[in-house]
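> Here you go, one structure.
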Amino acid sequence: MDKKNKLALLLCAAAGFLVACHEQPATSEQAKTSTPPASAASAAAQKAPVAASSAASSPAPGASFVVGVLGLNDGDAELQGCSTSLRRKDSASQPGDVFREADADKDGVGFMRIDGKLIRVVMVQTNTDDTSSITLYEDAAHTLRIVETVEAGETNENADSTELHGTLTITYKGSTQTLPVDGGVAC
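All letters in the sequence shown, in the order written, are residues -20 to -1, 1 to 167 by mature numbering (1 follows the signal peptide of the UniProt record, and there is no 0).
Here's what the structure looks like:
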């Protein structure tokens, strides 16, 4: 199984996009003539409700939960070394990180605030290449899943940091929403 199919299957499993999984080609010949699974998963993700950046106190349309902004010290005790911070893409009306995670090869830990509650997640699986990654995080109670899909932007070698752009697909207690995000990783 090639890397693209593995990434698509990870996304299918993590976010529960049955449409994307259903469209997964059964053979390599079908893969050449059908929509790539990653594109199908992406299309399914785009159909999910997108949180408005101004929705600080109410859920995104169609979602039953609110993704809040993290406090300045949320997760600091566990986020050591290089870390990633992501904020809503249009965060002018609601500045601040919505997700922070330790940039570790395995056993990475992250934090998100849902309905006002700080929730700790751990990395379950990741697939990365030179310019992008898809990483699955889950909480201990298995009520929160986060699929972080990001592409690297500019790197500032003097600051030992790299810009990131992408989405967070968040499934909480069966409801899913996708947030466009910007941010970066810094050491």
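Glycine is no exception: its CB is placed at the ideal position from the N, C-alpha and C atoms.
Enumerate in chain order the residues of its own chain whose CB-to-CB distance from S113 is below 8 Å, with the five nearest sequence positions on each side excluded.
T106, N107, E128, T129, V130
> Output the distance between the C-alpha atoms of E58 and A82, rounded to the nearest integer angstrom.
8 Å
> Would the beta-carbon of S155 fall within 8 Å of that of F79?
no
> If you compare alpha carbons, which of Y117, K97, L159 is closest to G90?
Distance from the Cα of G90 is smallest, within the candidate group Y117, K97, L159, for Y117.
> Using only CA atoms, which one of R67, N53, S63 lies nearest to T158?
R67
> What three-state label does DSSP hand P16 in the structure shown?
Residue placement at P16 is poorly supported in this model, since its pLDDT is 34, which falls under 50; the coordinates still yield a value, given next. Residue state, collapsed to three classes: coil.
> Who are N107's beta bridge partners in DSSP?
I114
> Applying the criterion that 16 or more other CB atoms from any shown protein chain within 10 Å of the CB defines a buried residue, is L98 buried or exposed?
exposed
> What did DSSP end up calling A139 once you bin it into helix, strand or coil?
coil
> Among M92, E137, A166, which has the Cα closest to the Cα of G55?
Residue M92 is the option with its Cα nearest to G55.
> Check whether chain C comes within 8 Å of L159, counting only Cβ atoms and requiring the distance to be less than that.
You won't find chain C in this structure, because it holds only one protein chain.
> Given this structure, state the Cα-to-Cα distance separating S63 from I150, to the nearest angstrom.
20 Å
> I126 to L148, Cα distance in whole Å?
6 Å
> Determine the extent of the beta strand (DSSP E) in which F79 is found, giving its start and end residues.
77 to 82
> State the start and end residues of the unbroken beta strand (DSSP E) segment that holds Q157.
Q157 -> beta strand (DSSP E) spans 155 to 166.
> What span of residues does the beta strand (DSSP E) with S44 cover, start to end?
No beta strand (DSSP E) holds S44; DSSP gives it neither H nor E.
> Under three-state DSSP, which class holds L50?
coil
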